[in-house]
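Asker: Here our numbering runs 94 ahead of the position in the sequence shown, where the first position is 1. No residue lacks a Cβ here, since even glycine has one placed at the ideal position from N, Cα and C.
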Amino acid sequence: MSAGKFGTVINCIDGRVQTPVNDYLKAAFGLDYVDTITEPGPNRLFSNNQDQTTIAAALEKVNISATKHGSKVLGIVGHYDCAANPANENEHIAQIRHAVGTLRSHIGDEMSILGLWVDEHWHVHRVSEA
Ligand SMILES: [Zn+2]
């Protein structure tokens, strides 16, 4: 097992959300490192459950983080002004909640799953948990 405490996030590719989400998870869970998987509009990807190939590839990356780095927490992100997912805030949050449910169905109970919304001020909010 690697030294240090790891968490995991499936974040958007958007460069504006990397640091806020990383800092939030480090502070909330006392993490040293956040393993980061990026997809454009990941809350939509995991809420509509249509692109099974991409979902499976992302889940395999989560599995590496969990098994090799001992991560016990996984974040899934939606954010303001997402180029890949031009939904309003309410739609984003609904997608985040669905995405948490999809992830819960694939990932063992040893890993907590958090739905995170990043608002227009780049502040991170926990909107769902499973
Ligand atoms: Zn985005």
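Let me confirm a value: ALA121 is counted as buried when at least 16 other C-beta atoms fall within 10 Å, else exposed. Which label applies?
Answerer: As a first step, residue 121 must be located in the sequence shown, where it is residue number 27. ALA121 comes out exposed.
Asker: Smallest Cα separation from HIS186: which of TYR118, TYR174, ARG220 and HIS215?
Answerer: Residue 186 sits at position 92 when you count from the first residue of the sequence shown. For the residues TYR118, TYR174, ARG220 and HIS215, the minimum Cα distance to HIS186 belongs to TYR174.
Asker: Tell me whether LEU210 sits in a helix, a strand or coil according to DSSP, three-state version.
Answerer: Translated into positions along the sequence shown, residue 210 becomes position 116. Looking at LEU210 - three-state DSSP - the assignment turns out to be strand.
Asker: By DSSP's criteria, GLU154 is part of a beta bridge. Which residues make up the other side?
Answerer: The residue you call residue 154 lines up with position 60 of the sequence shown. GLU154 pairs with nothing; no bridge assigned.
Asker: Kindly examine ligand 1 and report whether one of its heavy atoms sits closer than 6 Å to the Cβ of ALA178.
Answerer: In the sequence shown, residue 178 corresponds to position 84, counting from 1. ALA178: yes, Cβ under 6 Å from ligand 1.
Asker: Compare the C-alpha of PRO134 against each of ASP117, GLY109 and THR113 and name the closest.
Answerer: Here residue 134 refers to the residue found at position 40 when the sequence shown is read from its first residue. For PRO134, the nearest C-alpha among the options comes from GLY109.
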